[in-house]
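Participant: Next up is a structure, given as structure tokens.
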Amino acid sequence: MRYQVEHETIYQYESNVTQSYQQLNMVPRDTNYQRSLSHQLRCDPAPSEQSKRQDFFGNSSDFLTILEPHEKLVIHSSFAVQLQTRPSLSDLLQNDQPWEQVNALLHGDSARYLEAMNYCYTSPKIQCSNALADFALTCFTSGRPLIDAAMAFTQQIYQAFEFDPRATDVSTPLDEVLAGKRGVCQDFAHLMIGALRSIGLSCRYVSGYILTHPPAGQPRLVGADASHAWVSIFSPNHGWIDFDPTNNCLVQHEHITVAWGRDFSDVSPMRGVVLGGGEQKLKVKVTVTPETT
Amino acid sequence: MLNQLALGDHYHELLDETGQPRAHWQPFIQSLLTLSPEQLRKRMESVQRQVQDNGVTYNVYADTHGLQRPWDLDVLPLMLPQDEWQHIAGAVAQRATLLNQILLDIYGGQQLLKTGQLPPALVYGHDGFLRDCVGMAHYDNIALHSYAVDIARAPNGQWWVVSDRTQAPTGAGYALENRTIVASAFPTLFRELNVERLSGFFASMRDSLTHWGRRAAQNQSATVANLPPLSDGESPLVVILTPGPYNETYHEQSFMAGYLGYPLVQGNDLTVRNGVVWLKTIEGLKPVHAILRRIDDDYCDPLEFNATSLLGVAGLAESARRGNVVVANALGANLLESGALLGFLPKLCESMLGEKLRMPSVATWWCGEPSAMAYVTENLAQLVIKPAYAQAESRPVFGEDLNAAEKADLIEAIQANPEHYIAQEQVAISQAPTLIPEEGMQQSNASVQSRAVSLRVYAFATPNGYAIMPGGLARVASTQDGRIVTMQRGGTSKDVWVRSPYVQPPFSLLGQTNTSQDLVYENTLLSSRMAENLYWYGRYSVRNLQKSMVLRMMIQSLMAYSPDEREGEWPTIQALCRWFQLLPKPKSKQAEAPALSDAQLEPLLIEAVFSSEPYSLASGVQQYYQQAFNLRERISTSHWQTVNALLTQFTQHPQRQDLQGVSAQLEFAIQHFVAISGYAMDWMTRDLGWRFMSLGRRLERLQFMSMLLSLALKMPSHSNLDWVLDISNNLVTYRARYTARPEWMPTLNLLLLDERNPNSVVFQLKGLVQYLEEMGAEDSMGSIAVPLKQCWEQLLLMDIDQHYHAEDPALIQLLDAMYQATLTVSDRLSLRFFSYTSAHSTAGY
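Chains as they are written, first to last, in our numbering: chain A, 264 to 556; chain B, 13 to 857.
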């Protein structure tokens, strides 16, 4: 499967910005199931300096410095990726193992699973708690295999929580999401990660895009899509397996990965520091188009 | 005197088991015993006075209103014998070396994690682990440049490590100030006991930073276009990065900056371009080579770390990554302050250095380990619980203080995030003799008492290993049974005397002669922010004085004259008040300002002095205090005390009950503002910074004079002129020259043209033009002095007989042009010299 993604970010400022430093996580990384075919970052006004590096998690970070005074900043990211088939749920369930065993392996031989250990603890946006552990234990019952329990837990979040963009923002704490039972993909991902970490499992946050389906008979709307987020769980047998609690599914071939980290704060698409500017307005347009080959 | 010292289960620094002074204390104590209580008290008072005089302070609550507490210093030093000191210094150097290697590994190859020598939770679970710093290279493999360790002595006499300070250790400057003061209280003893000097330590600190700064400079010139290498004899630029004047140890930071000869800068004094950190000076951008930081790791760069930080510099981490700036300590060093690490150090020391750890740490259990967790749960009552990740500034919890329910809550919190907690043994630390003032007596006396003591020892990396400060900062608890010893909770500090077998050479960094090149270098390095602060400080000190004088005149007129005794000047004085926004403006621009009755005026004037509106005198004083605070390191203590007294008068004792009270308040304000002018003129070095302050003062005075005269010249011709002379502080001079009632021609001559009159217009113009030309103040339109120079020339050309009369249109026009010139020049100065200073904001999604 091949996808073309267009992601446009527009900042409109009240007054001139005289210096702007931006850090972007917008260029997709290669994974076991994804290959980047092409990518392009355009910035208006043109940056006076630009550099890129791989961050600690292996994501691609781009740094831009804009010294030309401007009242409007446009960043356009455009790329194409090729996705490979991921293992199906039935494949994964065949070689599944009890979650307590996974837990014991991770913590008993953590030097061996060092990479996974990065995603076991409280992180800036995800505070582990006894309440979250109790929530996880509703599905992670004694002796239940990891993938089986994770799929059930994905479904549990999907059913018990309502998608509501007005209920939360980026700063809403996890306890509030758990109590209010409402939120967006980012909240559901954080919630699931927090619950799994609270019982000792390793779980990371994945940011990217998802293919949306227009109602039957209607054309695909440009700019109507959005960034998406889901979770990835570490299994010693299978490696990292992705689940999407917002859409109640095991991730297959409609999710395009950009970056991963401990939580949103590690992979936010764009963060910046500006001098001047006053009030600012942000507009984001995303279009995901499948390409038939 | 020593009989009262209690000998308990603690080790006593002074007395041995039999109650006799230990050998290394003997000479000091013998000399002390010869002093009468009276003499002892005098020594104590002299120490306190010197602390005040040197302006040594510590901001306990980081209060914006100021209230800095004088630094607490005990007159009695802590004595250490040479052999014991050698042991301590060796152990501290070993520990610094070990911690540096651990830091390099965690932010490098992570072999310690890969081989299971450190558990991942201790690194990956620590919110101080800055992942963006993994892979950064460091010159000579030094990431931990500055290190301090808190040690304390157990009952058996052995020293133990209580905690490590690896991020931006504080207190070395206080230790130096303590030394200066205490040594001068016992000058003879200090010399005879061969106390090891501290200045050598600071000299090696400076040499090290120069060495690594040079490496960064070489890297800059090799990798960045248009950056030439340092010329022969040119020093790399090292700065101290401060969180600002509200930080609790700001005083120490400014003292260190002065002592080491480094600019003290805030985040917005620096900017990053082309991967290089630059200092924004009035001469333009200067590349920075090394930063001695006093800002926490994650606040250093809002782009990569904490986006809410207003203290840091966007792009600093990337510049360090490219090797273009040495950040001391390396970003991410906070990780090592974790108490969770303590238990792992003995083994790590053996595997990494091949040596035994020379000084043990206080017994510490990290709850991230299941066995430790079990022990802590069972023995909570004997333990002190602390956060494992030192970023969380929370108080230690003493298990013995908790009731059953509180214990259960704490255990539950630990179970939810066990790796976030450590438990430490509650130690009985040693006690040192401390001079305590006795209260309640008429004549305060002092007695020697025992107090728990801990010692902070300082190390600084050099290319040849760690240099250790011979001595340190000793801190004693405020009460006899003190369980915690910190300056924040009201402890006292002590100087530490390490006795050497050798005579000490007199040597001080402050006394060293700089080369002439150094002098020029430091003079031109005035940051734009500092220049701007000084400029506005100058303007506001004059503005507040003028405001006070106008208000005093209004109020005195109200009290002294009935309305029909006042003449044509009365509406004009009101107009001047409106110009200062001390009285409400007319609603529409065209409308004549309504003449206010006395009954209307009185409450308005009281409001103009005391209200919280931005234009009141009280607000002016508040604002002025803030500006002085931002200049703290440049103004003398007496100067500061005067500003402080002004604020206290307005905030705590406003006399607003009646016009007499208000008048007295204004008198107080005027006297203090005049005293401040005196400090500004006579007590500040006339360097480039002073020039900016003087520009501010003169521009403000010129603006006021041109407005005053332009308004006054339009008065009805029979009006009184006394007030014009009075308000511009010229009445005395005038009366000395002329006996008659003031008339316009001699008044104008004195106020406009008399070069010897420091309040005259020409005096301001001459100084302004001279300063601006000497500074070479030019922008794209040419010399900034030009508009003022033109006014000056016109003024000199003007015919006195023809124009120095009331309502003369040409003269009024010239005064109005002068007023406009002050606005133009102020704008151009701001654009030319201060435009770099503006605050950043962060955003993202």
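Ideal Cβ placement from N, Cα and C applies to all residues, glycine included.
1. Exposed or buried, which one is glutamate 29/B when buried takes at least 16 other CB atoms within 10 Å?
2. Taking asparagine 642/B as the reference, which of Leu276/B, Asp828/B, Gly483/B, Glu805/B has the closest Cα?
3. Is DSSP giving serine 650/B helix, strand or coil here?
4. Taking buried to mean at least 16 other C-beta atoms within 10 Å of its own C-beta, is threonine 76/B buried or exposed?
5. Closer than 8 Å by C-beta to asparagine 393/A: which residues in its own chain qualify, once you throw out the five before and the five after it? Chain order, please.
6. From Gly335/B, Asp839/B, Arg370/B, Asp309/B, pick the residue whose C-alpha is nearest to that of glycine 324/B; which is it?
7. Among the candidates Ile118/B, Val288/B, Pro596/B, Glu645/B, whose CA atom is the shortest distance from the CA of glycine 270/B?
8. Roughly how many angstroms separate the alpha carbons of asparagine 429/B and phenylalanine 141/B, rounded to a whole number?
9. Quick one: Cα of valine 447/A to Cα of alanine 319/B, how far?
10. Going along chain A in order, which residues have a C-beta closer than 7 Å to the C-beta of valine 146/B?
11. Measuring CB atoms only, is the segment 724-733 of chain B touching the segment 667-685 of chain B, in the sense that at least three cross pairs come out at less than 8 Å?
12. Tell me whether the beta-carbon of leucine 336/A lies closer than 8 Å to the beta-carbon of tyrosine 296/A.
13. Return the CA-CA distance between glutamate 424/B and glutamate 425/A, expressed in angstroms with no decimal places.
14. Give the secondary structure of cysteine 512/A by DSSP, where H, G and I count as helix, E and B as strand, and everything else as coil.
15. Going residue by residue through the segment 401-483 of chain A, where are the continuous alpha helix (DSSP H) segments of at least 4 residues, counting only ones entirely within it?
16. Of the choices Gln303/A, Val536/A, Pro478/A, Asp526/A, whose alpha-carbon is the least far from that of lysine 388/A?
17. Within 10 angstroms of its Cβ, does isoleucine 796/B collect 16 or more other Cβ (buried), or is it exposed?
18. Can you tell me whether tyrosine 433/B is helix, strand or coil according to DSSP?
19. Compare the beta carbon distance of valine 337/B and valine 300/B with 8 Å and say whether it is the shorter of the two.
20. Can you give the Cα-Cα distance for lysine 54/B and proline 449/B, rounded to whole angstroms?
21. Please classify aspartate 507/A: does DSSP put it in a helix, a strand, or coil?
22. Nearest chain B C-beta to threonine 435/A closer than 8 Å, yes or no?
23. Could you tell me whether any Cβ in chain A is nearer than 8 Å to the Cβ of valine 532/B?
24. List, from N- to C-terminal side, the alpha helix (DSSP H) runs of 4 residues or more that fit wholly inside the segment 21-53 of chain B.
25. In whole angstroms, give me the CA-to-CA distance for arginine 107/B and leucine 538/B.
26. Could you check whether the Cβ of arginine 844/B sits closer than 8 Å to any Cβ belonging to chain A?
27. So, does the CB of proline 310/A fall closer than 8 Å to a CB anywhere in chain B?
28. Output needed for leucine 52/B: all residues of its chain with C-beta closer than 6 Å, excluding positions within five of it in sequence on either side, in chain order.
29. Among Leu354/B, Ala572/B, Gly296/B, Asp244/B, which one has its Cα closest to the Cα of alanine 400/B?
30. Compare the C-beta of threonine 854/B against all C-beta atoms of chain A and say whether one is closer than 8 Å.
31. If you check the beta carbons only, do tyrosine 276/A and glutamine 543/A fall under 8 Å apart?
32. In this structure, how does DSSP classify tyrosine 70/B when only helix, strand and coil are distinguished?
33. My understanding is that leucine 678/B touches glutamate 614/B, with C-beta atoms under 8 Å, so please give their C-beta distance in whole angstroms.
34. Please name the residue in Gln515/A, Glu554/A, Trp523/A whose C-alpha comes closest to that of aspartate 354/A.
35. Please list, in chain order, the chain A residues whose beta carbon lies closer than 7 Å to that of proline 131/B.
36. Under a CB-based cut-off of 8 Å, is serine 722/B close to chain A?
Facilitator: For this structure:
1. Taking the first residue of the second sequence as position 1, residue 29/B is located at position 17. Burial call: exposed.
2. The residue you call residue 642/B lines up with position 630 of the second sequence. It is Leu276/B.
3. Taking the second sequence and counting its residues from 1, the one referred to as residue 650/B is at position 638. Correct three-state label for serine 650/B: helix.
4. Numbered from 1 along the second sequence, position 64 holds the residue referred to as residue 76/B. With a pLDDT of 44 at threonine 76/B, under the threshold of 50, the modelled position of that residue is not reliable, and no figure is offered here.
5. Within the first sequence, the letter at position 130 stands for residue 393/A. Ser461, listed in sequence order.
6. Residue mapping note: residue 324/B aligns to position 312 of the second sequence, counting from 1. Per the Cα distances, Asp309/B.
7. As a working mapping, residue 270/B is identified with position 258 in the second sequence. Considering only alpha carbons, the answer is Glu645/B.
8. Sequence index remark: in the second sequence, residue 429/B carries index 417 (1-based). Sequence index remark: in the second sequence, residue 141/B carries index 129 (1-based). Approximately 17 Å, taken between the alpha carbons.
9. Taking the first sequence and counting its residues from 1, the one referred to as residue 447/A is at position 184. Taking the second sequence and counting its residues from 1, the one referred to as residue 319/B is at position 307. Roughly 23 Å between the two C-alpha positions.
10. Start at 1 with the first residue of the second sequence, and residue 146/B comes out as number 134. By Cβ distance, chain A contributes Phe319.
11. no
12. Working through the first sequence from its first residue, we reach residue 336/A at position 73. Working through the first sequence from its first residue, we reach residue 296/A at position 33. No, they are not a contact pair.
13. Sequence index remark: in the second sequence, residue 424/B carries index 412 (1-based). Sequence index remark: in the first sequence, residue 425/A carries index 162 (1-based). If I take the Cα positions, the gap works out to 31 Å.
14. Your numbering for residue 512/A matches position 249 in the first sequence. Strand at cysteine 512/A.
15. 409-423, 437-443, 448-461
16. As a working note, residue 388/A is residue 125 in the first sequence. Looking at the Cα atoms, Asp526/A is the closest of the given residues.
17. The residue you call residue 796/B lines up with position 784 of the second sequence. So isoleucine 796/B counts as buried.
18. Locating residue 433/B in the second sequence gives position 421, counting from the first residue. It is a strand residue.
19. Along the second sequence, one-based indexing puts residue 337/B at 325. Along the second sequence, one-based indexing puts residue 300/B at 288. Yes, the pair counts as a contact, with Cβ atoms nearer than the cut-off.
20. Within the second sequence, residue 54/B is the residue found at index 42, counting from 1. Within the second sequence, residue 449/B is the residue found at index 437, counting from 1. Cα-Cα distance, rounded: 11 Å.
21. Taking the first residue of the first sequence as 1, we reach residue 507/A at position 244. Aspartate 507/A falls in the strand class under three-state DSSP.
22. Here the question's residue 435/A lines up with position 172 in the first sequence. It does not: the Cβ of threonine 435/A has no partner Cβ on chain B nearer than 8 Å.
23. By one-based count along the second sequence, residue 532/B stands at place 520. Residue confidence is low: valine 532/B scores 37 on pLDDT, short of 50, so the model does not pin down where it sits. Its coordinate-derived value is still stated next. Output row for valine 532/B: interface = no.
24. 38-45
25. Taking the first residue of the second sequence as 1, we reach residue 107/B at position 95. Taking the first residue of the second sequence as 1, we reach residue 538/B at position 526. Each residue's Cα considered, the two are about 39 Å apart.
26. Taking the first residue of the second sequence as 1, we reach residue 844/B at position 832. No, its Cβ sits nowhere closer than 8 Å to a Cβ of chain A.
27. Residue 310/A sits at position 47 when you count from the first residue of the first sequence. Taking Cβ atoms only, chain B never reaches closer than 8 Å to proline 310/A, which makes this a no.
28. For this step, residue 52/B is matched to residue 40 along the second sequence. Counting only Cβ-Cβ distances below 6 Å, and skipping sequence neighbours, we find Ala458.
29. Taking the first residue of the second sequence as position 1, residue 400/B is located at position 388. It is Leu354/B.
30. For the purposes of this step, residue 854/B is taken as the residue at position 842 of the second sequence. Yes, threonine 854/B counts as interfacial toward chain A.
31. One-based indexing of the first sequence puts residue 276/A at position 13. One-based indexing of the first sequence puts residue 543/A at position 280. Their beta carbons are under 8 Å apart, which means tyrosine 276/A touches glutamine 543/A by this criterion.
32. Within the second sequence, residue 70/B is the residue found at index 58, counting from 1. Note: tyrosine 70/B maps to strand in three-state DSSP.
33. As a first step, residue 678/B must be located in the second sequence, where it is residue number 666. As a first step, residue 614/B must be located in the second sequence, where it is residue number 602. Wrong, their Cβ atoms sit about 14 Å apart, outside the cutoff.
34. In the first sequence, the residue the question calls residue 354/A occupies position 91. The shortest Cα separation from aspartate 354/A among Gln515/A, Glu554/A, Trp523/A belongs to Gln515/A.
35. By one-based count along the second sequence, residue 131/B stands at place 119. Within chain A, the residues near proline 131/B are Ser373.
36. Residue 722/B sits at position 710 when you count from the first residue of the second sequence. Chain A, which has no Cβ nearer than 8 Å to the Cβ of serine 722/B, makes this no.
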